Amino acid sequence: AELIGNFSRKGLDATDMVALSGAHTIGQAQCQNFRDRIYNETNIDSAFATQRQANCPRPTGSGDSNLAPLDTTTPNAFDNAYYSNLLSNKGLLHSDQVLFNGGSADNTVRNFASNAAAFSSAFTTAMVKMGNISPLTGTQGQIRLSCSKVNS
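In this text, residue positions in the sequence shown follow full-length UniProt numbering: the first is 1, and each later residue adds one.
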């Protein structure tokens with residue numbers, strides 16, 4: 001609900017949020033960003049978690065920068081396999097798996113998992129909408145030196 005609210009404040013709806021999350025069909029994440037999920041969360045496929053744990057040791061600081069694909073099915077293809085992974089509780093990041101976790105986005109995830117054209121169309125629409133969001137300028141915003149943290 002909090003994520004949907006954040007997107008809504010920018011003129012994007014829940015379908016846009018789920019569609020834009022589909023960009024995680026390509027790319028990788030560092031162990032430090034998914035360690036808690038693979039060791040502590042219960043809504044994860046156990047074989048998938050074990051596979052990820054092999055390259056992401058439990059102790060914090062150990063293997064933090066080791067990489068894993070966000071989409072293990074087709075990591076180098078922009079397709080709808082990301083959503084099928086969510087249906088199987090194989091979302092690498094917590095923020096991915098919460099899209100399919102008994103909430104309001106479940107039906108959209110199911111639709112995108114079974115209909116590549118629907119995902120492609122929704123992703124295109126959401127990207128155009130996002131591209132029309134006016135950026136913060138001057139002292140109201142900043143270009144981050146590192147995407148994951150505010151400049152100091």
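Backbone N, C-alpha and C define an ideal beta-carbon position, used for all residues, glycine too.
In this text, all values refer to a predicted model and were calculated from it rather than measured experimentally.
Short of 6 Å in beta carbon distance, which residues of its chain neighbour residue i, apart from the five on each side in sequence? Order them along the chain.
i    : result
C31  : C56, G63, D64, N66
Q142 : N151
A19  : A122, F123, A126
I133 : K10
Spatial neighbours of residue i within its chain, please: C-beta separation below 7 Å, excluding the five flanking residues on both sides.
i    : result
D96  : S21, H24, L86
S8   : none
S120 : none
F78  : T25, I26
S46  : none
M17  : L3, I4, F7
S146 : none
Quick test of your reading: residue i and residue j, contact by CB under 8 Å. State the CB separation rounded to the nearest angstrom.
i    : j   : result
A126 : L12 : 7 Å
S89  : N43 : Rather than Ser, the amino acid found at residue 89 in this sequence is Asn. Correct: roughly 6 Å between the Cβ atoms.
T73  : S84 : 7 Å
L70  : L99 : Wrong, their Cβ atoms sit about 13 Å apart, outside the cutoff.
I'd like the list of long-range same chain contacts for residue i, defined as Cβ closer than 8 Å, with 5 residues on each side in sequence excluded.
i    : result
H94  : F34, D36, R37, E41
Y39  : A49, Q53, R58
P135 : G141
N115 : N80
T60  : Q32, R35
For residue i, which of the options has the nearest alpha-carbon?
i    : options         : result
L3   : Q51, N43, A105  : A105
I26  : D16, N80, N101  : N80
N111 : S146, Y82, T60  : Y82
A76  : G131, S146, Q28 : One point to set straight first is that residue 76 is Asn, not Ala, in the sequence displayed. It is Q28 whose Cα lies nearest to the Cα of N76.
A68  : N101, G61, Q51  : Q51
A14  : G61, G103, R144 : G103
Pull up the DSSP beta-bridge partners for residue i, would you.
i   : result
L67 : Q30
S84 : BP columns for S84 are empty, so no partner.
Contact criterion: CB-CB distance below 8 Å. Does residue i meet it with respect to chain D?
i   : result
T73 : Here there is only one protein chain, and chain D is not present.
### Continuous beta strand (DSSP E) assignments of at least 3 residues falling wholly in the UniProt domain "Plant heme peroxidase family profile" (1-151)
Whole beta strand (DSSP E) segments, 3+ residues: 28-30, 67-69.
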